[in-house]
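Please read the structure below before turning to the comments.
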Amino acid sequence: MVSHDKLELLMRRLSEVVEVGQITELKELLSQFSPYEYIEVLERLDFKIRSYILPYIPLNNLKIVLSKLHDDVVFELLRVKGIDEFAKVLTEMPSDDAADVLLKIPPKFRHKLMNLIPHWKLNEISALLKYPSESVGSIMTPQVPIFSYKLTVGDVIKEYIAKSELGLYDKHFYIYAVDEERRIIGWVDVKTVITKPKDKLLRDVVSKPPVVVNAYSDREEVARVAIKFDLLEVPVVDNEGRLVGIVTLDDVLDVAISEYGEDLLRFGGFVEVIKGRYLAVSTASIVKMRFLPLVWLYIMNTITGGIVASFTEVIERVAVLAAFLPMLSDNSGNVGAQASTFVIRSLAIGEVRPQDFLRVLKKEVTVSLLLISLLTPISFSIASLITYLAYMTTEYPLIVGIVVSVALMVSTLISDLVGALLPLIASRINIDPASISAPLITTIGDIISATTYFMVATSLLSYLG
């Protein structure tokens, strides 16, 4: 494993070697990368350079990382290496990883590959492909040591060793005891079971797992429970409660990182989330992903513009009022985004549930009132001072200070509650809370601020004549 700096140097040298076509040195450079470093190399290199070097990378070297590569890179590899070689490598991979790779390939080529995979392997892969792509079942491995609870420890160890030597198990930490209907009786880690008396029954040495997850549950669920219970692997059951596989720690980490990235994008206002690394995603895909949210937010912002336009008479009378609208809008957006960030995080790690609506409401009302008590004197002082400096008269500073302060109080309270409660409502109706994005909450805050601000200003100026 080379350091990050050395990896950068090797990649730079790789580009130089490709430019001059030095094949011998190219092969020598490629031999210095580990499989996991190939992920970095292939996804960061320019498309032209990547296409040039792919024929010189043995597909076998990428076997353990193939499922982690971006879809475009996997498809490029398929076209370079050919269907036959690709099918052979898929056959040698763990079934869950092979299923992941197949899903990265266009359907036309996927079916051709599946026709070349041996039936015994294809059955295992097909069992995983039936699950939705975002489900626990799509990332689990079915090749785990499962034994009848009636067997003795000696028989279990003998069979376990024989099957392990044949490579029938994927990575795992526990041996599972099940009943006649394949329902979990308990589990025991491999190191413990070999120390137990050989004549003991398996059911007497196992303990109940702290949790199991359904194969059709969202994959975020398995990451949540693994972190909560500090598990190395999580057993997976079907709708009838039968053990169908496990999700191991490496897959849990992949899920946690992937979901975190997706949530960040959704919270940033992106409707469509693109999988994979930034440098590996095409420019057209990024433009497509960013364009629609921007159009939607642009349309939403016209509401704020319409509100401001409808109060032109007030602005003409006291022009300095317009100077404080950006401050109020930013404050509302910031307050709402802060509240939603806290709640979304708490929902994600299980600290808060949708049923806690009233508790969150009570807490956020208290928080917003305290924030108002701290922010109002500051806003009143700033607004009054700026207005006085603008007009050099005592006629308007007090009025503007009151208008800005009242608008800040109302918009802060409403924005805080909207930011905190919208994710809870979304979760309650089975919408991803992270899709309640910061730009959306900011836009709602702008509308609230502008409406409150100019309504208070109109009322106060009318009262004073």
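At position 80 of the sequence shown the residue is numbered 1518 (my numbering), and the sequence of numbers has no breaks.
Idealized CB from N, CA, C, for every residue including glycine.
#### Entry: Extent of the continuous alpha helix (DSSP H) run through E1619
Counting along the chain, E1619 falls outside any alpha helix (DSSP H), and DSSP gives it neither H nor E.
### Message
Using the three-state DSSP reduction, which class does T1804 fall into: helix, strand or coil?
### Response
Correct three-state label for T1804: helix.
### Task
Mind checking which residues open and close the alpha helix (DSSP H) that includes I1867?
In the DSSP assignment, I1867 falls outside any alpha helix (DSSP H), carrying neither H nor E.
### Message
Quick check: the segment 1740-1748 against the segment 1773-1781, are at least 3 beta-carbon pairs closer than 8 angstroms?
### Response
Remark: fewer than three beta-carbon pairs, one from each stretch, lie closer than 8 angstroms, so the segment 1773-1781 and the segment 1740-1748 are not flagged as touching.
### Query
Which stretch, first to last residue, makes up the beta strand (DSSP E) that contains G1683?
Here the beta strand (DSSP E) through G1683 covers L1681 to T1686.
### Message
Suppose contacts are defined by Cβ-Cβ distances below 8 angstroms. Is V1906 in contact with P1580 by that definition?
### Response
Past the boundaries of the shown model lies residue 1906; the chain is included only from 1439 to 1903, so the question cannot be answered.
### Query
Using the rule of at least 16 other Cβ atoms within 10 Å of the residue's Cβ for burial, across every protein chain shown, is Y1474 buried or exposed?
Counting Cβ neighbours within 10 Å, Y1474 comes out exposed, since fewer than 16 surround it.
### Message
Nearest by alpha-carbon distance to K1596: which of V1631, L1669, A1760 and L1732 is it?
### Response
Distance from the Cα of K1596 is smallest, within the candidate group V1631, L1669, A1760 and L1732, for V1631.
### Query
In chain order, which continuous runs of the alpha helix (DSSP H) of length 4 or greater are located wholly inside the segment 1722-1787?
Correct list: 1750-1755 and 1759-1786.
### Task
Note down the Cα distance separating T1890 from V1790, rounded to an integer number of angstroms.
Between the alpha carbons of T1890 and V1790 lies a gap of roughly 31 angstroms.
### Query
Looking at the structure shown, is F1585 part of a helix, part of a strand, or coil, going by DSSP?
Secondary structure at F1585: strand, using DSSP grouped into helix, strand and coil.
### Query
Three-state secondary structure (DSSP) at D1443?
Correct three-state label for D1443: helix.
#### Entry: Contact the segment 1620-1629 vs the segment 1651-1667: 3+ CB pairs below 8 angstroms
Flag = no, the segment 1620-1629 and the segment 1651-1667 do not touch.
### Task
May I ask you to report which of helix, strand or coil DSSP gives Y1494?
Looking at Y1494 - three-state DSSP - the assignment turns out to be helix.
### Message
Quick check on the burial criterion: 16 or more other C-beta atoms within 10 angstroms. Buried or exposed for H1549?
### Response
The residue is exposed, with fewer than 16 neighbouring Cβ atoms inside 10 Å.
### Query
Smallest Cα separation from L1492: which of I1477, I1840, K1506 and S1505?
Among I1477, I1840, K1506 and S1505, the Cα nearest to that of L1492 belongs to I1477.
### Paired residues, beta bridge with N1652 - DSSP
Beta-bridge pairing links N1652 to V1675.
### Query
Does DSSP classify T1579 as helix, strand or coil?
In the three-state DSSP reduction, T1579 falls in the strand class (E or B).
### The alpha helix (DSSP H) enclosing L1554, as first and last residue numbers
It spans P1545 to L1554 - the alpha helix (DSSP H) in which L1554 sits, taken as one unbroken run.
### Message
By the DSSP assignment, the alpha helix (DSSP H) with G1592 in it spans what residues?
### Response
Per DSSP, the continuous alpha helix (DSSP H) segment holding G1592 begins and ends at V1591 to E1603.
#### Entry: Reduced DSSP secondary structure (H/G/I, E/B, other) of S1453
Helix, per DSSP.
### Message
Checking the sheet assignment: what are the DSSP bridge partners for S1573?
### Response
Per DSSP, the beta-bridge partners of S1573 are D1656.
### Message
If I measure Cβ to Cβ from I1563 and keep anything under 6 angstroms in the same chain, skipping five residues before and after, which residues do I get?
### Response
Correct list, in chain order: S1533, A1536 and A1537.
### Query
So who's on the other strand from S1645, going by DSSP bridges?
The partner list for S1645 (beta bridge, DSSP) reads W1625.
### Task
Using alpha carbons as the reference points, say which of T1742, E1457, K1465 and V1479 lies closest to L1447.
The residue with the shortest Cα to Cα distance from L1447 is V1479.
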